[in-house]
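**Student:** Chains as they are written, first to last, in this note's numbering: chain A, 1 to 379; chain B, 1001 to 1379.
Every residue gets a Cβ at the ideal spot worked out from N, C-alpha and C, and that includes glycine.
Mind looking over this structure? Questions follow.
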């Protein structure tokens, strides 16, 4: 593991960095203030960079194997090409999911397991991007990674087909992988796709309902299916490729799921109160879109006077002068505190699950750094 | 094999029924006249019935494993349920693809291989139905198997998600199958999905072009990708499950592909001049929709005076009084003869490929009966 945990030696053994995360989560962060101190984030950034270097060739080879019609959509979506086919220097996202696959494999099986899991990591990234292509069509989202979404450039049909093809490529990568875990990994990834679809269905169905017709359990279940499932699957695949037993695979899945939920909770907090300048999301964005995000639903279902006020505000069309008022209502109804407490609680559960499967803190360090990174969103 | 070839003994050995098919293909059939004589079709119908009995439990179990939101869309699409969730007696289609998987397995490996290939047969049917769900969304087709398409009932998002989930279920079935061929089968099926997507892309892209801007090679390649690929893959999967070597798997794939092209050619002939009453397609349907079907493109690219006339007619919006004139122009430009000759040629190639892998006519009989059935469309 030492090979990719460049900062491990700065901390005494047995002192995981996670209490820092919990502290950060519980301390209200004023909008615009970045959460990245000098000591955190660097390790995760290095892990992500290494994951990209390992996975990119596999990912590009898979996309290059596509017929031209879908290749150009995929290349555009990944940020490798402009719409006209000229090269682009854009980024294909932060590669958090493949990094989790590799970090989980390394945590349970060392560098050799990490190397063996590169195809599985690429498969997870292909599935992630297939769902992004399709979700953008369904949600009519026009922007992704600061660029027009694929369907706005190539039309619905080609975006749907490119997504279909990326799913097929993902499962082909695993089917062609001679590793003894590849069959179990493929079954698990296919199951995860079904869960992602259920999460996306719940999301679109919920957006059609009134703001007071959604329960907190529903929105938590949706976030777990839509965000937690693939992060959990990524970690579970890494464990499978390390030859881990059923219990450890399940623990790694639970670690990823809980970290994924923590991530979503923090993302939703940022969607209301703003976050580090580099996230690109202005404060109030989710409120303006009348999104039933986790803090909003927690506020709406709090039974407080502020909840009733918020419900009234959410029933009206958005007006800029009402934004601060709405923000305050979510806060007074306890939406922000609840989300931050929940995020801390989920991270606690994640750490607990990880400790079950990987008791050695040094081995667990890469996964913890990634979990911390996604919940801080410092870059 | 005798177990499912109930009519084999009526014919002397070594006298495959395929010359009958070729004859039928070459004899112009007046609109409305059914192609089913008393002697043909029965065997194929029995094979299809047996395939449905074998595959249905696997297919239903897979669909039942879906979360409720996608299960209802899938149940409706398969014709098992009405839109309101009440049971329907509808049919899930003719099950030609699963029947080809099972017949190919039986032809190369006997009844034991046939039994072992049931999951693979269900996987192929799941992939077929995933593409139907998505194609209907992209093509805005409102009717499928005499019922409103899924997207018209449940909306685009749920139809796309149900399709995504069916693809995942298909590949999960193979990933969970302990059969030694399941990995190779999954890789082949995933490859086929990519080809199906390319075929659908070519189809939608071609429909946007002018009638004289499409070449015959393009439309043949599109038909091979969109129709031939999955029929070929079905046969190849059956061969893989029978433990066949690379050459035999390739020959079975080629058999299915060529039979699939013959099927598409005959289907396109029926789409212009009508066919057996039970096909449900009225004469002229494809001309009314200005479809660039195979006989039309053959006619348009024939360099005859009738070709120029047809191009002019196709540039105008459809009017009922012009239909007979258009039909006649396709015929005079040689579109019908070309399609029937091509279908016969493709069936000849299919039979040749099959004979390479399965020299014993009795063993080949089930596959031949199915190929004959799909190109006659007698039911």
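Between residue 1310/B and residue 1288/B, is the Cβ-Cβ spacing less than 8 Å?
**Tutor:** No, they are not a contact pair.
**Student:** Out of 1349/B, 1118/B, 1306/B and 1063/B, which one is the CA nearest neighbour of residue 1179/B?
**Tutor:** Of 1349/B, 1118/B, 1306/B and 1063/B, the residue nearest in Cα terms is 1118/B.
**Student:** Applying the 10 Å Cβ sphere with the 16-neighbour rule, what's the burial state of residue 375/A?
**Tutor:** Flag for residue 375/A reads buried.
**Student:** Under the three-state reduction of DSSP, which class applies to residue 143/A: helix, strand or coil?
**Tutor:** Strand at residue 143/A.
**Student:** For residue 380/A, write down the residues that DSSP places opposite it in a beta bridge.
**Tutor:** One cannot answer for residue 380/A here, as it falls past the ends of chain A, which runs 1 to 379.
**Student:** Enumerate in chain order the residues of its own chain whose CB-to-CB distance from residue 131/A is below 6 Å, with the five nearest sequence positions on each side excluded.
**Tutor:** Within the same chain, residue 131/A has close Cβ partners 196.
**Student:** Helix or strand or just coil, what does DSSP make of residue 282/A?
**Tutor:** Here residue 282/A sits in coil by DSSP.
**Student:** Pick helix, strand or coil for residue 1180/B, following the three-state DSSP scheme.
**Tutor:** If DSSP states are grouped into helix, strand and coil, residue 1180/B belongs with coil.
**Student:** Rounded to whole angstroms, how far is the Cβ of residue 1254/B from the Cβ of residue 1353/B, which I believe are closer than 8 Å?
**Tutor:** The Cβ separation is near 4 Å, so the contact holds.
**Student:** Counting along the chain, where does the alpha helix (DSSP H) carrying residue 337/A start and finish?
**Tutor:** Element bounds for residue 337/A: 335 to 357.
**Student:** Any C-beta of chain B sitting closer than 8 Å to the C-beta of residue 372/A?
**Tutor:** It does not: the Cβ of residue 372/A has no partner Cβ on chain B nearer than 8 Å.
**Student:** Quick one: is residue 313/A buried, meaning 16 or more other Cβ sit within 10 Å of its Cβ, or exposed?
**Tutor:** Classification of residue 313/A: buried, given that the 10 Å Cβ count is 16 or more.
**Student:** Which partner residues of residue 111/A appear in the DSSP bridge assignment?
**Tutor:** None; residue 111/A has no bridge partner.
**Student:** Nearest-angstrom Cα distance between residue 1073/B and residue 134/A?
**Tutor:** Spanning the two alpha carbons is a distance of roughly 17 Å.
**Student:** Please classify residue 86/A: is it buried, with 16 or more other beta-carbons within 10 angstroms of its beta-carbon, or exposed?
**Tutor:** Its Cβ having fewer than 16 others within 10 Å, residue 86/A is exposed.
**Student:** Beta carbon of residue 1260/B, beta carbon of residue 1225/B: below 8 Å?
**Tutor:** No. Outside cutoff.
**Student:** Determine, for residue 1180/B, whether the minimum Cβ-Cβ distance to residues of chain A falls below 8 Å.
**Tutor:** With 8 Å as the cut-off, residue 1180/B does not count as an interface residue toward chain A.
**Student:** Of the residues 1089/B, 1045/B, 1315/B and 1369/B, which one's Cα is nearest the Cα of residue 1208/B?
**Tutor:** Residue 1315/B is the option with its Cα nearest to residue 1208/B.
**Student:** Within the same chain, show all residues whose beta-carbon is closer than 8 Å to that of residue 364/A, passing over the 5 residues directly before and after it, in chain order.
**Tutor:** Around residue 364/A: 16, 107, 354, 355 and 358.
**Student:** With 8 Å as the C-beta to C-beta threshold (strictly closer), list the residues of the stretch 345 to 367 of chain A near chain B in chain order.
**Tutor:** From the stretch 345 to 367 of chain A, no residue has a Cβ closer than 8 Å to chain B.
**Student:** Among 262/A, 263/A and 282/A, which one has its Cα closest to the Cα of residue 271/A?
**Tutor:** Closest option to residue 271/A, Cα to Cα, is 282/A.
**Student:** Using a C-beta to C-beta distance shorter than 9 Å, which residues of chain B count as neighbours of residue 204/A?
**Tutor:** Those within 9 Å of residue 204/A in chain B are 1155, 1157, 1158 and 1161.
**Student:** Among residues of its own chain, excluding the 5 on either side of residue 1252/B, which ones have a beta-carbon nearer than 6 Å to its beta-carbon?
**Tutor:** Here the set comprises 1104, 1235, 1236, 1239 and 1357.
**Student:** Examine chain B for any beta-carbon lying closer than 8 Å to the beta-carbon of residue 58/A, and answer yes or no.
**Tutor:** No, its Cβ sits nowhere closer than 8 Å to a Cβ of chain B.
**Student:** My guess is that residue 127/A and residue 189/A are in contact by the Cβ rule of under 8 Å, so how many angstroms apart are they, rounded?
**Tutor:** Sure, about 6 Å apart at Cβ, within 8 Å.
**Student:** In this structure, how does DSSP classify residue 1211/B when only helix, strand and coil are distinguished?
**Tutor:** Here residue 1211/B sits in coil by DSSP.
**Student:** Starting from the N-terminal side, write out each stretch of the alpha helix (DSSP H) that is 4 residues or longer and does not extend beyond the stretch 1049 to 1082 of chain B.
**Tutor:** Those alpha helix (DSSP H) runs which fall completely within the stretch 1049 to 1082 of chain B and span 4+ residues are 1068 to 1077.
**Student:** Using beta-carbon positions only, say whether residue 294/A and residue 258/A come within less than 8 Å of one another.
**Tutor:** Taking 8 Å as the Cβ cut-off, residue 294/A and residue 258/A do not qualify as a contacting pair.
**Student:** Cα separation between residue 241/A and residue 138/A?
**Tutor:** Roughly 34 Å separates the two Cα atoms.
**Student:** I want to see whether chain A comes within less than 8 Å of residue 1044/B, judged by CB atoms only; does it?
**Tutor:** Chain A, which has no Cβ nearer than 8 Å to the Cβ of residue 1044/B, makes this no.
**Student:** Would you say the stretch 294 to 303 of chain A touches the stretch 338 to 348 of chain A, given that touching needs at least three Cβ pairs under 8 Å?
**Tutor:** In short, these stretches touch, since the Cβ pair count reaches three.
**Student:** Give every residue of the same chain whose Cβ lies closer than 7 Å to the Cβ of residue 1148/B, excluding the five residues on either side of it in the sequence, and list them in chain order.
**Tutor:** These residues qualify, in order along the chain: 1142.
**Student:** Could you list which residues in chain B have their beta carbon closer than 7 Å to that of residue 134/A, in chain order?
**Tutor:** Here the neighbours are 1160 and 1164.
**Student:** Which word fits residue 325/A, buried or exposed, when buried means at least 16 other C-beta atoms lie within 10 angstroms of its C-beta?
**Tutor:** By the neighbour-count rule (16 or more Cβ atoms within 10 Å), residue 325/A is not buried but exposed.
**Student:** What residues in its chain sit with their C-beta under 7 Å from that of residue 333/A, if we drop five residues either side in the sequence?
**Tutor:** Excluding residues within five positions, the ones whose Cβ falls inside 7 Å are 299, 302, 304, 306, 307 and 310.
**Student:** Taking 8 Å as the cut-off, does the stretch 1144 to 1163 of chain B touch the stretch 1208 to 1220 of chain B (at least 3 CB pairs, one atom from each stretch)?
**Tutor:** At 8 Å Cβ cutoff, the stretches do not touch.
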